[in-house]
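S.K.: Protein sequences appear in the order of chains A and B. Taking numbering that gives the first Met the number 0, the leading residue of the first sequence gets 0, the next gets one more, and so forth. Taking numbering that gives the first Met the number 0, the leading residue of the second sequence gets 0, the next gets one more, and so forth. The beta-carbon is built from N, C-alpha and C at its ideal position, and this holds for glycine as well. Before I ask anything, here is the structure I am working with.
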Amino acid sequence: MEKKSLWEFGTREVVYAAIGAALYGVFSWVTNFLALPAAGNIALRPAVAIPLFFGIAFGPWVGFLSGFVGNVLGDFLSGWGFWWYWDLGNGIMGMIPGLIAAGIVSYKAKETIIKAEIFIVIGAAVGILVPSLLEIPFSGIDLKTAIVGYWLPAAGTNIINGLILVPILMVAYDAVVARSGR
Amino acid sequence: MLVTWKYHPRNSLLEKLDPRARWFFSFLVLFSIIQFWDVRFLCFFFALVMTQYALARLTWAETRRVWTFILIMVIGIVALNTLFTGRGGTTEVLSGGHIIWRVEWNVLGLSIHPTITVERVWFAFSQIVRMISISTLFLIIPFTMDPRLYGVTFRGMGIPDRFAFSMDLAFRFVPTLARDFSTTLDAQRARGYELDKLEGGVVAQIRKMAPLVVPVTMNAILSGEDITNAMDLRCFGLRPRTWVHKLSYVRRDYILIAAGVVILISSIVLKMAFHVGDFWMPAWALTWAR
Chain A
0 MEKKSLWEFG TREVVYAAIG AALYGVFSWV TNFLALPAAG NIALRPAVAI
50 PLFFGIAFGP WVGFLSGFVG NVLGDFLSGW GFWWYWDLGN GIMGMIPGLI
100 AAGIVSYKAK ETIIKAEIFI VIGAAVGILV PSLLEIPFSG IDLKTAIVGY
150 WLPAAGTNII NGLILVPILM VAYDAVVARS GR
Chain B
0 MLVTWKYHPR NSLLEKLDPR ARWFFSFLVL FSIIQFWDVR FLCFFFALVM
50 TQYALARLTW AETRRVWTFI LIMVIGIVAL NTLFTGRGGT TEVLSGGHII
100 WRVEWNVLGL SIHPTITVER VWFAFSQIVR MISISTLFLI IPFTMDPRLY
150 GVTFRGMGIP DRFAFSMDLA FRFVPTLARD FSTTLDAQRA RGYELDKLEG
200 GVVAQIRKMA PLVVPVTMNA ILSGEDITNA MDLRCFGLRP RTWVHKLSYV
250 RRDYILIAAG VVILISSIVL KMAFHVGDFW MPAWALTWAR
C-alpha cells in the first residue's frame, strides 16, 4: 500500500479541500436558514463535523481549508461579513484532527475512532481558543469574558457535535474507501 | 431552497476598486483601530468605516439581520465584561474608579459583587465603538465583492496556486452541493423524516441529523474522485495556473493602499512616539458617580 504523506497537497487534496469547504459553508447556511431546533442554549450546528471529518479523512491541510474557507462561505452566504480570526480558528479546528490522517488503516476500527474522538476534542478546544483569545486585543475583553463568553459555549457545542457525527461519517466513509479502493 | 450569494452588481465605487487593494486597506485599517482605546480616535475610524459602508450602496433590508447579530453580540459581550469581569485591554480601568452602582449577591454560597464605575461605563462605550467599527469594516465584503474573483484575488496576494485554486473551486461547488442537499432533504422527507420535529435530548437530536449529513457528504466525496481524475488527466498543477479573470491595479488602487499605509503609520507613530490613544474619559463623566 502506498504510504500517505501527511502534509501533501496534490490534486486530490485541492478537490477535497474545496468540497469540504463548500459542504461546511452550505451546512452552516442551512443551519441558519432552516433555524434548526436547539436544546437550552446549545444550538445544533452539525456543520462543524465536516472540517473535523475532512481533516481525519484527507489530512491537515484539507481540514484547515475546509474549516477556514467553509466558515468564510457560510458567513458570506448568510451575509454575516468576514470574521477572519474565527475563520482561522475553524481552520485550526479542522487541521488538528488531520494529524492522525496518515496513520489510519480502517476508519471503522474502534481504536481509530477513539483516537479521532480525542483529536476532535483537542481540535475544537484549541481551534476555538485561538479566536477567543484574539478577541482580547481586538475587542478589549478580559480573559474571563473570552473564556466564558466565547470559548466555553462555542467549543462545547462543537465538541458535542463532532463527537456524535464524526464517527458516523467515518463508518460511512470506510464503506466508500472499500468500494473505491483508494 | 435556492442558495444565492449576497453579491450583486450595485455600480458602487467600491466595486470599481481592485479586490486586493480593498483587502490590504481593510487589514491596514484593522491594525490601526486596535492601536486605540481613546474614543475620540475611535470615532474617526467609526466615521471612516461608515463612509465605506455608505459607499457600498447597501439597503437596510439586506443588512438588517447582520446588524441585529452584531449588536446583540457586541452588547452581550460588553455587558458581561463590564458587569462581571470589570475591565478589558487597558490597565486604567482595572480597579477602583468612581462608583455608580454596586451590589452584593450570594450565588450558591459564593459572594459576587458586580460594580459599575464611571470608568467601566466609558470603557464599555469605547469598546462598543471599536467592536462595531471592526465588524463594519468587513461586513460589506460579501455584499460588494464578486465571488468569482476570490481565487485570483488571493493568488494575487501571494497565496500558493493550489490553495488559491482550492478556494476558487469551493465557491464554485456551493450551488451544486446546495442542490444535492435539497434533493436529499426532499427524499428523506418522502420517507417520513421530519427535520422540523426532531425529538429527544441534545445527543439524540444531533444523531438524527445523520440521515441528512451522511448521504450528502458521501455523495460529494464520490463525485470528488471523478473531479480529481479529470484534473489529473489534464495535468493539473504541473505549471503555474492562468486565471479566467485578470486583475490589474490602477491609480485609485494605489491611492487606497497608500491611504491605508499612511493611516497605519500615523496610528503607530501617535501611539509609540506621542503616547496618545490610550483610554480616555472626559472630566464631565465623573458627575455620573454617586
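1. What first and last residue would you give for the beta strand (DSSP E) that runs through Arg101/B?
2. Within this structure, are the beta carbons of Val165/A and Ala115/A separated by less than 8 Å?
3. List the endpoints of the continuous beta strand (DSSP E) containing Val65/B.
4. Excluding sequence positions up to five away, which residues of its chain have a Cβ less than 7 Å from the Cβ of Gly161/A?
5. Run the CB neighbour count on Glu118/B, radius 10 Å, all protein chains shown included, and call it buried at 16 or more, exposed below.
6. Taking all protein chains shown into account, do 16 or more other C-beta atoms lie within 10 angstroms of the C-beta of Asn89/A, making it buried, or fewer, making it exposed?
7. List the whole-angstrom C-beta distance separating Leu255/B from Leu16/B, where the pair is believed to meet the contact cut-off of C-beta under 8 Å.
8. Can you give me the C-alpha to C-alpha distance between Ala186/B and Tyr192/B, rounded to a whole angstrom?
9. Please decide whether Pro136/A counts as near chain B, where near means a Cβ-Cβ distance under 8 Å.
10. Measure the alpha-carbon distance for Asp252/B versus Thr143/B and round it to whole angstroms.
11. Taking 8 Å as the cut-off, does the region 34–44 of chain B touch the region 99–113 of chain A (at least 3 CB pairs, one atom from each stretch)?
12. What are the partner residues of Leu109/B, as DSSP defines its beta bridges?
13. Does the contact criterion of 3 or more C-beta pairs under 8 Å hold for the region 149–160 of chain B versus the region 224–235 of chain B?
14. Taking only beta-carbon positions, decide if Gln126/B is within less than 8 Å of chain A.
15. Mind listing the chain B neighbours of Tyr15/A? Cutoff is C-beta to C-beta under 7 Å, in chain order.
16. Whose C-beta lies closer than 7 Å to the C-beta of Trp60/A among residues of the same chain, with five residues either side of it excluded?
17. Looking only at its chain, what residues have a beta carbon closer than 7 Å to the beta carbon of Phe180/B, apart from the 5 residues adjacent to it on each side?
18. Please specify which runs of the beta strand (DSSP E), each continuous and at least 3 residues long, are wholly inside the region 200–237 of chain B, giving them in chain order.
19. Please give me, in chain order, every unbroken run of the alpha helix (DSSP H) with length at least 4 that falls completely inside the region 120–178 of chain B.
20. Please report how far the alpha carbon of Leu168/B lies from the alpha carbon of Val275/B, in whole angstroms.
21. Note down the Cα distance separating Pro239/B from Pro146/B, rounded to an integer number of angstroms.
22. The alpha helix (DSSP H) spanning Thr116/B covers which residue range?
23. For the alpha helix (DSSP H) containing Asn160/A, name the first residue and the last one.
24. Going by beta-carbon coordinates alone, are Trp22/B and Met156/B separated by less than 8 Å?
25. Identify, in the order they occur along the chain, each residue of the same chain with its Cβ nearer than 6 Å to the Cβ of Ser134/B, setting aside the five sequence neighbours on each side.
26. Residues of chain A with CB under 9 Å from Arg129/B, in chain order?
27. Leaving aside the five residues before and after Asp160/B along the sequence, list all residues of the same chain whose C-beta is less than 7 Å from its C-beta, in chain order.
28. Does DSSP put Trp279/B in a helix, a strand or coil?
29. In this structure, does DSSP put Leu246/B in helix, strand or coil?
30. Where Asp173/A and Tyr106/A are concerned, what is the direct C-alpha to C-alpha distance, given to the nearest angstrom?
M.R.: This is what the structure holds:
1. Looking at the DSSP string, the run of the beta strand (DSSP E) that includes Arg101/B is 98–101.
2. Yes; because the gap between Cβ atoms is below 8 Å, this pair is in contact.
3. Residue range 59–79 is occupied by the alpha helix (DSSP H) that includes Val65/B, with no beta strand (DSSP E) assigned at that position.
4. Cβ within range, chain order: Val47, Ala48, Leu51, Ile119, Ala123.
5. By the neighbour-count criterion, in which a residue is buried when 16 or more other Cβ atoms sit within 10 angstroms of its Cβ, Glu118/B is buried.
6. Buried, because 16 or more other Cβ atoms sit within 10 Å of the Cβ of Asn89/A.
7. At roughly 6 Å, the Cβ-Cβ gap stays under 8 Å, so Leu255/B and Leu16/B are in contact.
8. If I take the Cα positions, the gap works out to 9 Å.
9. So yes, Pro136/A belongs to the interface.
10. Cα-Cα distance, rounded: 16 Å.
11. Because the criterion of three Cβ pairs below 8 Å is not met, the region 99–113 of chain A and the region 34–44 of chain B do not touch.
12. BP columns for Leu109/B point to Val106/B.
13. Segments in contact, no.
14. Yes, contact with chain A.
15. Proximity of chain B to Tyr15/A at the Cβ level (cut-off 7 Å) is accounted for by Gly223, in chain order.
16. The residues Trp6, Phe8, Glu12, Ala16, in chain order, have a CB closer than 7 Å to that of Trp60/A in the same chain once the five nearest residues on each side in sequence are set aside.
17. Result list for Phe180/B: Val215, in chain order.
18. Runs of beta strand (DSSP E) with 3 or more residues, each lying fully within the region 200–237 of chain B, are absent.
19. Within the region 120–178 of chain B, the complete alpha helix (DSSP H) segments at least 4 residues long are 140–143, 149–155, listed from N- to C-terminus.
20. So the alpha carbons of these two residues sit roughly 46 Å apart.
21. Their backbone Cα atoms lie some 22 Å apart in a straight line.
22. No alpha helix (DSSP H) contains Thr116/B, which is instead part of the beta strand (DSSP E) from 114–116.
23. Residues 151–179.
24. The criterion of a C-beta distance shorter than 8 Å is satisfied by Trp22/B and Met156/B.
25. Same-chain partners within the cutoff: Ile69.
26. Within 9 Å Cβ-Cβ: Phe137, Ser138, Gly139.
27. Hits under 7 Å: Arg154, Pro239, Arg240.
28. Of the three classes helix, strand and coil, the one that applies to Trp279/B here is coil, per DSSP.
29. Looking at Leu246/B - three-state DSSP - the assignment turns out to be coil, as it is neither helix nor strand.
30. Going from the Cα of Asp173/A to the Cα of Tyr106/A covers about 5 Å.
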